[in-house]
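Heads up: the sequence shown runs through residues -14 to 439, numbered per the working numbering.
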Amino acid sequence: MLSASARVFVRRAVGTSHGHGSLRSSSSRLFSTASSSAGFDSYDDDSVTLTSLNSMFNPTEEHKALRSMLQTFVEREVEPQALEFNKKEIFNVDLFRKLGDSGMGILGLTVDPEYGGAGMDAAAVCVVHEELSYSDPAFCLSYLAHSLLLVNNLSTNGSHEQKQQFLPDICSGAKIGGMCMSEPNAGTDVLGMKSNAKYDAEKKGFILNGTKMWITNGTLTNDNDGSTGDCFLVYARTGEKKSDVTQFVVEKGMEGFSCGQKINDKLGMRASNTAELVFDNVFIPADTHVVGEVNGATLCMMRNLEIERLGLAAMALGIARRSLDEMKGYAGERSAFGASNLYQFGQVQKHIAESYAEYMAGRCYVYGVANSLDLSTYGNGLDADGTKLYCAQMSKNVADRAIQVMGGYGYVGEYVVERLWRDAKLLEIGGGTNESHHKNMCRDLRRMGRTPLD
């Protein structure tokens, strides 16, 4: 159930919109999805009805309003800049900050309104990630790193005083950041991290040393000037046991904290800045910047991984839906071999029909899990892994089919789908590799015994 403040928040935001139209890149307006069924002489468009699953994808009027607001914002603000910023490998910081202003207010989507958030749930998380990723998955990835890995993590695991201190600025977009877990030699094996923090009793704080790699929003500039993002949650080893890990808040400007390098020339997600961050004897005040219990961050990590993976799965839905729309639009407009469109060819029918079925299967899985997920607890790792495993592969396959249907046009950057295909690959690696999901799921399924039916 959404809080009253969440309902007011969404209605206020939607009240500033003016409706939304179809979303197409400037390069593919020619390929109208509205004409995608043309060519079947006996086919009556008006007879088409879809199975009503709206109550799953938009479980309340507030979710429906949120989706409408996002579609308007994406069409007007995100889509026009997506191609340019991806080509230049630049993170659109100014546009990102708009997500936190009074007209949007979704950087703190899951945060209690007391701390500047919207007080919404996991289904709302999926709505936002699906809609942003429909246009620009890289921009959405930066949103995920900030809103889930930093904001939601701190909201769930921080103290009341820490929430008061840090959340208002990161919910408003005044400060932008993320989370630091992966290292040069510790990715999927997160507990193999080498970064460490030693307690200094005299200074009443920890001395943090180490290097973190592949950090989304690690830098907000493009100059490799050592400048970092504004605020991060950093995991580091603080004891002898492998599980003795503690979570710290590290802020821009702390002595010894710097950006080692901005990582360029990535396969995909090019409009999302990725960086190496270096911690050289960074002092962390124990009374204000330690999140949760000392040596107790493993639970924080596992709890937040569930919503992260669900968010990544929702991103995959956006990629798949956009790829499907581009494929349908092109097939409806392109003539070949004397046929007025490509819908008359069995090979194309197969690509489109299978893509739709797989997208809808993934969408039902993602929103089904989201509607039952409690953001404050840990215990749905099996299906968090499952949604991401299925949807990541599905989105790449759908984008691949779109390229195949569109031929040479699908292979060039101006026509969107090649970028979606490249972006989709990251979802099979980031937030847990496919292979790690296989391992986790089989471990849980073995413990479960007979597969439950309810």
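Ideal Cβ placement from N, Cα and C applies to all residues, glycine included.
Label residue i either buried or exposed according to how many other C-beta atoms from any shown protein chain fall within 10 Å of its C-beta, with 16 as the threshold for buried.
| i | result |
| --- | --- |
| D215 | buried |
| H336 | buried |
| Q334 | exposed |
| E69 | exposed |
| K179 | exposed |
| L433 | Leu is not the amino acid found at residue 433; the sequence shown has Met there. By the 10 Å Cβ count, M433 comes out exposed. |
| D185 | exposed |
| D250 | exposed |
| F217 | buried |
| S340 | buried |
| S257 | buried |
| Q147 | buried |
| H423 | exposed |
| D174 | exposed |
| F264 | buried |
| S132 | buried |
| T436 | exposed |
| Y394 | buried |
| E278 | exposed |
| L252 | exposed |
| F76 | buried |
| C427 | exposed |
| K313 | buried |
In the DSSP assignment, find the unbroken beta strand (DSSP E) run with residue i in it and report its ends.
| i | result |
| --- | --- |
| N194 | 190 to 201 |
| R319 | Looking at the DSSP string, R319 is not in any beta strand (DSSP E), and its letter there is neither H nor E. |
| R348 | Taken as a continuous stretch (DSSP letters only), R348 belongs to no beta strand (DSSP E), being part of the alpha helix (DSSP H) at 331 to 355. |
| F233 | 230 to 236 |
| M254 | Note, M254: premise wrong, no beta strand (DSSP E); not H, not E. |
| D359 | Element bounds for D359: n/a, residue is neither H nor E. |
| M166 | Per DSSP, M166 belongs to no beta strand (DSSP E) and is neither H nor E. |
| D77 | The amino acid at residue 77 is misidentified as Asp; the sequence shows Asn. Taken as a continuous stretch (DSSP letters only), N77 belongs to no beta strand (DSSP E), as it is neither H nor E. |
| D185 | 181 to 185 |
| Y220 | 216 to 222 |
| G177 | Segment: none, G177 is in no beta strand (DSSP E) and carries neither H nor E. |
| K227 | Careful: K227 lies outside any beta strand (DSSP E) and carries neither H nor E. |
| G245 | 242 to 247 |
Leaving out five residues before and five after residue i in sequence, what residues of the same chain have Cβ atoms less than 6 Å from its Cβ?
| i | result |
| --- | --- |
| G211 | S243, C244 |
| M254 | A123, L126, D408, L411 |
| M391 | Y315 |
| L358 | A107, N365 |
| V219 | C165, F233, V235 |
Residue range of the alpha helix (DSSP H) that residue i falls in?
| i | result |
| --- | --- |
| D265 | Where D265 is concerned, there is no enclosing alpha helix (DSSP H), although the beta strand (DSSP E) it sits in stretches over 259 to 270. |
| S118 | 107 to 120 |
| L152 | 145 to 157 |
| N71 | 64 to 73 |
| E46 | 46 to 58 |
Since residue i and residue j should fall inside the 8 Å C-beta cutoff, what is the C-beta to C-beta distance between them, to a whole number of angstroms?
| i | j | result |
| --- | --- | --- |
| D121 | A182 | About 36 Å; that fails the 8 Å criterion. |
| V354 | L295 | 6 Å |
| I304 | T259 | At roughly 18 Å, the Cβ-Cβ gap does not stay under 8 Å, so I304 and T259 are not in contact. |
| C276 | N137 | With the sequence shown as reference, residue 276 is identified as Val, and Cys is not the correct amino acid for it. Contact doesn't hold; Cβ gap of about 12 Å is too wide. |
| K197 | E168 | 6 Å |
| L139 | L129 | Actually they do not touch by this definition, with Cβ atoms about 15 Å apart. |
| L135 | V110 | In fact, because the Cβ distance is near 14 Å, the residues do not count as touching under 8 Å. |
| N425 | D370 | 5 Å |
For residue i, I'd like the list of residues in its chain whose CB is within less than 8 Å of its CB, leaving aside the five on either flank, ordered along the chain.
| i | result |
| --- | --- |
| D229 | R222, T223, N280 |
| C349 | L38, M41 |
| Q149 | Y100 |
Who are the Cβ neighbours of residue i in its own chain at under 7 Å, not counting the five residues just before and after it?
| i | result |
| --- | --- |
| C376 | A298, A301, L302, G347, V351 |
| R14 | The pLDDT assigned to R14 is 39, lower than 50, so where the model puts this residue is not dependable, and the model offers no usable value. |
| V383 | A305, S308, L309, S340, E343, Y344 |
| K227 | L176 |
| D429 | G366, L367 |
| G85 | L92, C156, S157, G158 |
| T204 | S212, T213, G214, C244, K247, N258, A260 |
| V59 | L8, E116, L117, Y119, S120 |
If you measure from the CB of residue i, is any heavy atom of the ligand PLP nearer than 7 Å?
| i | result |
| --- | --- |
| N43 | In the structure shown, the ligand PLP is absent, as is every other ligand, since no ligand is present at all. |
At least three beta-carbon pairs within less than 8 Å, the segment 177 to 193 to the segment 260 to 279 = yes
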